[in-house]
Every structure is written in C-alpha cells, then in structure tokens.
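Trainee:
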Amino acid sequence: MKNIYLETVDSTQNWAKAHLPELTDPFTCITALEQTAGRGRFNRPWLAPRGQNIYATVVFRVPRLCTYLANIGQMMAMACAELLQDRGIPAQLKWPNDILVQGKKIAGVLTESIPEESSIAILVGIGLNVNMDPALLRAISQPATSILELTGKTHDLAEVLQPLMGKFVSHLDLLKTAGFAPFHAKFETLLAFRGKTLTLRDGHQTLTGICQGITTGGYLKLLLPSGEVKIISSGEINYLSDL
Ligand code: BTN
5 MKNIYLETVD STQNWAKAHL PELTDPFTCI TALEQTAGRG RFNRPWLAPR
55 GQNIYATVVF RVPRLCTYLA NIGQMMAMAC AELLQDRGIP AQLKWPNDIL
105 VQGKKIAGVL TESIPEESSI AILVGIGLNV NMDPALLRAI SQPATSILEL
155 TGKTHDLAEV LQPLMGKFVS HLDLLKTAGF APFHAKFETL LAFRGKTLTL
205 RDGHQTLTGI CQGITTGGYL KLLLPSGEVK IISSGEINYL SDL
C-alpha cells in the first residue's frame, strides 16, 4: 500500500478526490495530522484535532459492475471493530458502518464512489478517536469515546493504523472473490441493537421497527409493526432510547 502523509488538510476525502488521477497504485492510504473541515456521513462535521486521532482515506478502484459496493464500508468498520476487540475493547457495529463502544461512537466510516471511464474509484475514509482530548470528546454532539478514554493510555497512531489497513485490505480481497457471506456471522456477533426498536431514516422516509440482524448480503432486517420484515439497504438508524 502506498502511504501519503499530510500535515494539515481540509479533509483527506477532498484531497483524495482532487488528486485521483495521480493515485494509481492498487491502494493508496492518505492520512493527515489534522483536518480543518473533516466531514462525516450526511455532511456532518468530523472533529479532527491535530495529532490526536486517525484520519485516513484509502483509495482504490473496483469494476464498474461491482456487486459489493454497499459492503466496502462495512469491511473497514469490521476491521476497526476487530482491531479494537483484539486490544480488549468491546467494540460493536452500528449498521451499516459506525463503530461503538458501550453505546458511544469511537469511529466512523465514510465511503464515496466516483465513476471513471472503465472503473469506479472508491474513497473509504475512517476517523478513529485514539488519544482525543477528553474536553473535545465532550464537545461532540453525540456520545463519543476514544481508545485513551477506554484504556487510560495513549497509543501510537501508526501502531493502530498499520494493522487496521492490513485487516481492511485482506477483508476486501475476500469480499471481492466471495461476497459478504463469509463475513455475515462475524458481523452479526458484532452488531449493536439486535432485538431493539430502531428508527431508520433513509432520506425519503422514517421507519420504526425491531432490529432482527442482517442478511447474508449485509442489509439490515427490520420487523415493522405490520409484521413485515423490511430489508434495508441504506440509511441511518437510531436507537429509540437515544432520541
Ligand atoms: C461518519 O461517521 O459520519 C464518518 C466519519 C468519517 C471521518 C473520516 S476522517 C478521514 C476522512 N476524511 C474526512 O473528511 N472524513 C473521513
């Protein structure tokens, strides 16, 4: 994997987009020491103070007829949750690809795709709170945590980033050949809010239902009050007690 280290950037996603034609290695990982306009899903701001956390975007290409596009972000989320679990942190996945510990967000994944002539460029961004200043953590509008808060120790960012990227690339390799099915059981064990009543917003509508887990394709199964089990391919869930 080619690594590009930036000091200050608005967003590693924006930087990757602006430099796409030059990023021709099979995988390029762009990290920044700080972001001045880090962004999350639904254009929310992502707090990225200097030197405290991981802010990274991985760039690669997939074929135009790609069947696993919706699962790519899930691979990064799984890699991150597994890495945290390996270090004794009980991470869970909030479908589709947030990483939570004890109900608080520790990392988020933003996947963007840009069609090119004969392929699709994929930009998978991850923000992982490693050594974040506790006062800044509290300033985040949602409940958030960091590795420092959970372990009481500061961690070397490179020692977290390197295995994370290794796991992500190996997951992606398997996803390409075998689809999501080999990840289904593990994802289910990491899944937060099973059996809980959730609301789902997908831009058009809000649904309420009970989380019944995920399909072998990585979609969310929501049991609606009508008795219908709805298969959800995108959107944002919220646990009702959080609202
Ligand atoms: C989310 O949970 O909404 C996704 C957060 C993604 C944040 C990362 S930090 C590195 C990359 N650059 C950005 O501007 N965003 C992503």
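Numbering (our numbering), first residue to last: 5 to 247.
C-beta: ideal position from N, C-alpha, C; glycine also.
Please report the distance separating the alpha-carbon of Leu168 from that of His208.
Mentor: Taking the first residue of the sequence shown as position 1, residue 168 is located at position 164. Taking the first residue of the sequence shown as position 1, residue 208 is located at position 204. Cα to Cα, Leu168 sits roughly 34 Å from His208.
Trainee: Would you report the Cα separation of Gln39 and Val62, rounded to the nearest angstrom?
Mentor: To locate residue 39, count along the sequence shown from 1; it is residue 35. To locate residue 62, count along the sequence shown from 1; it is residue 58. Whole-angstrom Cα-Cα distance: 16 Å.
Trainee: Return the Cβ separation of Ile241 and Leu195 in integer angstroms, given the expectation that the two are a contact with Cβ distance under 8 Å.
Mentor: Here residue 241 corresponds to residue number 237 of the sequence shown, with the count starting at 1. Here residue 195 corresponds to residue number 191 of the sequence shown, with the count starting at 1. So it is not a contact: roughly 11 Å between Cβ atoms.
Trainee: Is the stretch 140 to 153 touching the stretch 167 to 183 in the sense that three or more CB pairs, one from each, lie closer than 8 Å?
Mentor: The answer is no - the stretch 140 to 153 does not touch the stretch 167 to 183, with fewer than three Cβ pairs under 8 Å.
Trainee: So, is Asn75 buried or exposed, given that buried needs 16 or more other C-beta atoms within 10 angstroms?
Mentor: In the sequence shown, the residue the question calls residue 75 occupies position 71. Classification for Asn75: buried.
Trainee: Tell me where the beta strand (DSSP E) around Glu116 begins and ends.
Mentor: Reading the sequence shown from its first residue, position 112 is the one you call residue 116. That run of the beta strand (DSSP E) goes 108 to 119.
Trainee: Of the choices Leu127, Ser230, Tyr223, whose alpha-carbon is the least far from that of Thr212?
Mentor: Taking the sequence shown and counting its residues from 1, one reaches residue 212 at position 208. Nearest option by C-alpha distance: Ser230.
Trainee: Tell me whether Thr155 counts as near the ligand BTN, meaning its Cβ is closer than 7 Å to at least one heavy atom of that ligand.
Mentor: Position 151 of the sequence shown holds residue 155. No, Cβ of Thr155 sits at least 7 Å from all heavy atoms of the ligand BTN.
Trainee: What residue range is occupied by the uninterrupted alpha helix (DSSP H) comprising Asp160?
Mentor: Locating residue 160 in the sequence shown gives position 156, where the first residue counts as 1. Unbroken run through Asp160: none, as it is neither H nor E.
Trainee: What is the DSSP secondary structure of Leu247, counted as helix, strand or coil?
Mentor: Locating residue 247 in the sequence shown gives position 243, where the first residue counts as 1. In this prediction, Leu247 has a pLDDT of 49, which is less than 50 and means its spatial position is unreliable; nothing more can be read from the coordinates.
Trainee: Where does Leu244 land, buried or exposed, given buried means 16+ other C-beta within 10 angstroms?
Mentor: Indexing the sequence shown from 1 puts residue 244 at position 240. So Leu244 ends up on the exposed side.
Trainee: Check the C-beta distance from Lys200 over to Ile214 and give it rounded, since I have them as a contact under 8 Å.
Mentor: As a working mapping, residue 200 is identified with position 196 in the sequence shown. As a working mapping, residue 214 is identified with position 210 in the sequence shown. Their Cβ separation, rounded to whole angstroms, is 7 Å, which keeps Lys200 and Ile214 in contact under 8 Å.
Trainee: Assign Gln146 to one of two classes, buried (16 or more other C-beta atoms within 10 Å of its C-beta) or exposed (fewer than that).
Mentor: Looking up residue 146 in the sequence shown gives position 142. It counts as exposed.
Trainee: Whose C-beta lies closer than 7 Å to the C-beta of Tyr223 among residues of the same chain, with five residues either side of it excluded?
Mentor: For the purposes of this step, residue 223 is taken as residue 219 along the sequence shown, with counting starting at 1. Answer for Tyr223: Ile235, Ile236, Ser237, listed in chain order.
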